[in-house]
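Offset between the sequence shown (1-based) and our numbering: plus 1053.
Cβ coordinates follow ideal geometry from the N, Cα and C atoms, glycine included.
Quick caveat: nothing in here was measured; it's all calculated off a predicted structure.
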Amino acid sequence: MKRVLIFILLLALLALPLTASAENTYKTYFYDVWGDPIASPDGYDVERTLSGKTLGIGDFSMPQDLFVYQGRVYLLDSGNQRIIVLDQNYQVVDQIREFHRGEETVMMHNEASGLFIKDDLIYLADTKNERILVSDLHGNIQKEYTRPKTDLISDTAGFKPKKVLLDSSDIIYVLCEGVNVGAVMLDSDNTFLGFYGANRISTTMELLSEMFWRAISTKEQQAQMKKYHPVEYNSFAIDENDFIYTVTLFNEGTSEIKKLNPMGNNIFDEELTFGDLKSGPEIGYTEFVDICVSDKGYITAVARNSGKIFQYDRDGYTLMIFGGVGDQSGTYGIVSAIEVFNEDLLVLDSSKNTVTVLRPTHYTELLHNALDLYEKGLYEESVQPWQEVLRLNSNMQFAYSAIAKSQVLLGDYKGAMENYRIAYDMEGYSEAKTYRRQELLRENFAAVAIGFILLCVALYVWVKIREKKKRGRQT
1054 MKRVLIFILL
1064 LALLALPLTA
1074 SAENTYKTYF
1084 YDVWGDPIAS
1094 PDGYDVERTL
1104 SGKTLGIGDF
1114 SMPQDLFVYQ
1124 GRVYLLDSGN
1134 QRIIVLDQNY
1144 QVVDQIREFH
1154 RGEETVMMHN
1164 EASGLFIKDD
1174 LIYLADTKNE
1184 RILVSDLHGN
1194 IQKEYTRPKT
1204 DLISDTAGFK
1214 PKKVLLDSSD
1224 IIYVLCEGVN
1234 VGAVMLDSDN
1244 TFLGFYGANR
1254 ISTTMELLSE
1264 MFWRAISTKE
1274 QQAQMKKYHP
1284 VEYNSFAIDE
1294 NDFIYTVTLF
1304 NEGTSEIKKL
1314 NPMGNNIFDE
1324 ELTFGDLKSG
1334 PEIGYTEFVD
1344 ICVSDKGYIT
1354 AVARNSGKIF
1364 QYDRDGYTLM
1374 IFGGVGDQSG
1384 TYGIVSAIEV
1394 FNEDLLVLDS
1404 SKNTVTVLRP
1414 THYTELLHNA
1424 LDLYEKGLYE
1434 ESVQPWQEVL
1444 RLNSNMQFAY
1454 SAIAKSQVLL
1464 GDYKGAMENY
1474 RIAYDMEGYS
1484 EAKTYRRQEL
1494 LRENFAAVAI
1504 GFILLCVALY
1514 VWVKIREKKK
1524 RGRQT
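As structure tokens, then:
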């Protein structure tokens, strides 16, 4: 008996570290329709953490950006003035330590901050050198973009590109330090094409009050007043349809994430909220530092101040929030970039000098599958995945709405009303109720028609009897 007890005790001790390692050090949540934070199953697990040491190439130094191109990850290790190339197994396959222009060797500045690759060309935002270097995948310089000829970029701001991207027409979009009127647009000849998608100034009571006093003040008094300017974008990303997604560090009163069409207009609903709400775990405004978009349209952004990762669907609906600041696995110091690689998320930490590889859990796989089917209009096929999502997360109100929409198309209006009610989707509930009312009318049409006819006959008989009695009294 004693040996049996010892054996059981040993098994329990061996099981303890396994249980602890399976639990993430951060909590996952989202917000319900009332704006309250609701716990959610974990959406991603830490698959591994990469560092220069684990890769055998020496420690990273202030890494600033990530980019995925043709099955490889390009990491801008700015402090070491190099670009590190990883394969799909996260093994080093190349390093670009210097650029070449013929016989000349050109070095990037150790504060370069942006990376973009298209058509086998690397576009490097070499911030402090005030240029965009364009090279092939081996570091041979093809072009160099410097400050374009225009009076619309002030001399004080200069041309300090921090992020760069290209659309399908090869128009170059550049986010520059000190430029708050949108992205600088250039053509392939370095010709200035204008500004793209400037942030609007938030209309707050403070601003309205300031405008009133400015209108009645002298020039001397106006010079001492606070000046309001649009907030510059901190980073951006582009999808296959040329929609550009932007984030700002701080933009009180307006969307901190925007989805801009080719005209530079935000197509997200103005009522959408992004980041943590004031009722949430993080009080105050979320300072988004970077954003990425998957091939299937899932939007993931990361916050500098909280280390939180926020994932949204194509329409900006919050799917999950997780991460945080800390020293444990899955928490961060100062995040500088986020990127999606296949289904993994890559989080670049410039203070820890690491890349955290996050792999989707079974819950996220189910959620994304249900959303993919739903977005394709395969509502009936999406019901089972949505039910699986609800089995793991009964608080996912969007799932109830999605199932209800499928039920409406399948003619189950009563079931749709119930699911819309649970989701607090009043518009959907009203629509389903209208269909249900019409359905009840059709189902009971014969009885209603017969009843109406009998009522008409009874009314006719009653009128005739009254007329007969009335004639009898007159005689």
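Pick out whichever of Q1450, D1204, T1209 and T1180 has its Cα sitting closest to the Cα of V1227. The count along the sequence shown starts at 1 and reaches residue 1227 at position 174. The candidate whose alpha carbon is nearest that of V1227 is T1180.
Who are the Cβ neighbours of R1101 in its own chain at under 6 Å, not counting the five residues just before and after it? Taking the first residue of the sequence shown as 1, we reach residue 1101 at position 48. Closer than 6 Å at the Cβ level, and outside the excluded window around R1101, lie V1410.
Nearest candidate by alpha-carbon position, reference E1484, set I1506, L1507, F1505 and S1454: Looking up residue 1484 in the sequence shown gives position 431. Taking E1484 as reference, the option from I1506, L1507, F1505 and S1454 with the minimal CA-CA separation is S1454.
Tell me, which residues are paired with H1153 by DSSP? Within the sequence shown, residue 1153 is the residue found at index 100, counting from 1. H1153 is bridged to T1158 and N1193.
How big is the Cα-Cα spacing for T1203 and R1367? Position 150 of the sequence shown, counted from the start, is the residue given in the question as residue 1203. Position 314 of the sequence shown, counted from the start, is the residue given in the question as residue 1367. Distance between the alpha carbons of T1203 and R1367 is about 36 Å.
If I'm right that I1137 touches I1175 with Cβ under 8 Å, what's the distance once you round it to whole angstroms? Here the question's residue 1137 lines up with position 84 in the sequence shown. Here the question's residue 1175 lines up with position 122 in the sequence shown. Not really, about 13 Å apart at Cβ, beyond 8 Å.
What's the gap between the Cα of Q1277 and the Cα of T1244? Working through the sequence shown from its first residue, we reach residue 1277 at position 224. Working through the sequence shown from its first residue, we reach residue 1244 at position 191. Low confidence applies to Q1277: its pLDDT is 49, below 50, so where it sits in the model is not reliable, and the reading given next is rough at best. Their backbone Cα atoms lie some 37 Å apart in a straight line.
Identity of the residue in V1442, Q1460, A1511 and Q1144 nearest S1093 by Cα: Numbered from its first residue, the sequence shown carries residue 1093 at position 40. Of V1442, Q1460, A1511 and Q1144, the residue nearest in Cα terms is V1442.
Where Q1275 and S1166 are concerned, what is the direct C-alpha to C-alpha distance, given to the nearest angstrom? What you label residue 1275 is simply residue 222 of the sequence shown in a count that begins at 1. What you label residue 1166 is simply residue 113 of the sequence shown in a count that begins at 1. Because Q1275 sits at a pLDDT of 46, beneath the cut-off of 50, its placement in the model cannot be relied upon, and the following sentence gives the value as read from the coordinates. Between Q1275 and S1166, the C-alpha separation is close to 37 Å.
In three-state DSSP terms, what is P1094? On the sequence shown, residue 1094 is found 41 positions in, with the first residue counted as 1. Residue state for P1094 is assigned as coil, using DSSP reduced to three classes.
What would DSSP say about Q1364, mapped onto helix, strand or coil? The sequence position of residue 1364 within the sequence shown is 311, counting from 1. In this structure, Q1364 counts as strand in the three-state DSSP scheme.
Bounding residues of the beta strand (DSSP E) (the contiguous stretch that carries T1353): For the purposes of this step, residue 1353 is taken as the residue at position 300 of the sequence shown. Where T1353 is concerned, the enclosing beta strand (DSSP E) stretches over I1352 to A1356.
Is the beta carbon of G1350 sitting closer than 8 Å to the one on Y1338? Stepping through the sequence shown from its first residue, residue 1350 is reached at position 297. Stepping through the sequence shown from its first residue, residue 1338 is reached at position 285. Against a cut-off of 8 Å, the Cβ pair of Y1338 and G1350 comes out as no contact.
Which of the three DSSP states, helix, strand or coil, is assigned to Y1370? For the purposes of this step, residue 1370 is taken as residue 317 along the sequence shown, with counting starting at 1. Y1370 falls in the coil class under three-state DSSP.
Considering only C-alpha positions, which residue in the set N1448, E1309, V1461 and K1405 is nearest to D1343? Here residue 1343 corresponds to residue number 290 of the sequence shown, with the count starting at 1. Ranking N1448, E1309, V1461 and K1405 by Cα distance to D1343 puts E1309 first.
For the beta strand (DSSP E) containing S1288, list its first residue and its last residue. For the purposes of this step, residue 1288 is identified with residue 235 of the sequence shown, where counting begins at 1. It spans S1288 to I1291 - the beta strand (DSSP E) in which S1288 sits, taken as one unbroken run.
Straight-line Cα distance separating T1158 from S1221: Reading the sequence shown from its first residue, position 168 is the one you call residue 1221. Reading the sequence shown from its first residue, position 105 is the one you call residue 1158. For S1221 and T1158, the distance between alpha carbons rounds to 31 Å.
Close-in-space but distant-in-sequence residues of the same chain around P1116 (CB under 7 Å, 5 per side omitted): Residue numbering aside, residue 1116 sits at position 63 when the sequence shown is read from its first letter. For P1116, where only same-chain residues beyond five positions count, the Cβ hits under 7 Å are L1128, L1129, D1130, S1131, S1389, L1401, S1403 and N1406.
Whole-angstrom distance between L1313 and D1208, CA atom to CA atom: Taking the sequence shown and counting its residues from 1, one reaches residue 1208 at position 155. Taking the sequence shown and counting its residues from 1, one reaches residue 1313 at position 260. When rounded, the distance between both Cα atoms is 28 Å.
With DSSP as the reference, identify every bridge partner of L1119, one or two as the case may be. To locate residue 1119, count along the sequence shown from 1; it is residue 66. Per DSSP, L1128.
Of the listed residues R1489, V1393 and F1394, nearest to Y1466 (C-alpha basis): Position 413 of the sequence shown, counting from 1, holds the residue named residue 1466. Answer by Cα proximity: R1489.
How close, in whole Å, do the beta carbons of G1376 and I1362 come, if the pair is a contact with beta carbons under 8 Å? As a position in the sequence shown, residue 1376 is number 323, starting the count at 1. As a position in the sequence shown, residue 1362 is number 309, starting the count at 1. About 4 Å separates the two Cβ atoms, so the contact holds.
Where does the unbroken alpha helix (DSSP H) through M1238 begin, and where does it stop? Taking the sequence shown and counting its residues from 1, the one referred to as residue 1238 is at position 185. No alpha helix (DSSP H) contains M1238, which is instead part of the beta strand (DSSP E) from A1236 to L1239.
Using DSSP with H/G/I as helix, E/B as strand and the rest coil, what is G1109? Here residue 1109 is taken as the residue at index 56 of the sequence shown, counted from 1. Correct three-state label for G1109: coil.
How many whole angstroms separate the CB atoms of Y1084 and T1371, which I take to be in contact at a CB cut-off of 8 Å? Here residue 1084 corresponds to residue number 31 of the sequence shown, with the count starting at 1. Here residue 1371 corresponds to residue number 318 of the sequence shown, with the count starting at 1. Between T1371 and Y1084 the Cβ distance is about 6 Å, and since that is below 8 Å, they are a contact.
G1317 versus Y1477: straight-line alpha-carbon distance, rounded: Position 264 of the sequence shown, counted from the first residue, corresponds to residue 1317. Position 424 of the sequence shown, counted from the first residue, corresponds to residue 1477. If I take the Cα positions, the gap works out to 33 Å.
Cβ-based burial, W1439 [other Cβ within 10 Å; buried from 16]: Here residue 1439 corresponds to residue number 386 of the sequence shown, with the count starting at 1. That one is buried.
Can you tell me whether G1235 is buried or exposed, with buried defined as 16 or more other CB within 10 angstroms of its CB? Position 182 of the sequence shown, counting from 1, holds the residue named residue 1235. With 16 or more other Cβ atoms within 10 Å, it is buried.
For the segment 1142 to 1159 against the segment 1193 to 1201, do three or more pairs of beta-carbon atoms, one drawn from each stretch, fall closer than 8 Å, so that the two count as touching? yes
Could you tell me the distance, in whole angstroms, from the CA atom of V1346 to the CA atom of E1392? The count along the sequence shown starts at 1 and reaches residue 1346 at position 293. The count along the sequence shown starts at 1 and reaches residue 1392 at position 339. V1346 and E1392: Cα-Cα distance of roughly 8 Å.
Assuming Y1143 and G1383 form a contact by the criterion Cβ under 8 Å, report the distance between their Cβ atoms to the nearest whole angstrom. Taking the first residue of the sequence shown as position 1, residue 1143 is located at position 90. Taking the first residue of the sequence shown as position 1, residue 1383 is located at position 330. Not a contact, Cβ separation roughly 17 Å.
What are the boundary residues of the alpha helix (DSSP H) that E1433 is part of? Position 380 of the sequence shown holds residue 1433. Counting along the chain, the alpha helix (DSSP H) containing E1433 begins and ends at Y1432 to L1445.
Span of the alpha helix (DSSP H) holding V1342? For the purposes of this step, residue 1342 is taken as residue 289 along the sequence shown, with counting starting at 1. First-last for V1342: F1341 to V1346, but that is the beta strand (DSSP E), not the alpha helix (DSSP H).
Backbone CA spacing between T1081 and E1293 [nearest angstrom]: Taking the first residue of the sequence shown as position 1, residue 1081 is located at position 28. Taking the first residue of the sequence shown as position 1, residue 1293 is located at position 240. Using only the alpha carbons, I get a separation of about 29 Å.
Taking the beta carbon of I1320 as the centre, do at least 16 other beta carbons fall within 10 Å, making it buried, or is it exposed? Within the sequence shown, residue 1320 is the residue found at index 267, counting from 1. Counting Cβ neighbours within 10 Å, I1320 comes out exposed, since fewer than 16 surround it.
Look at the Cβ atom of Q1364, then the Cβ atom of M1373, and state whether they are nearer than 8 Å. Taking the first residue of the sequence shown as position 1, residue 1364 is located at position 311. Taking the first residue of the sequence shown as position 1, residue 1373 is located at position 320. In this structure, M1373 lies closer than 8 Å to Q1364 by Cβ.
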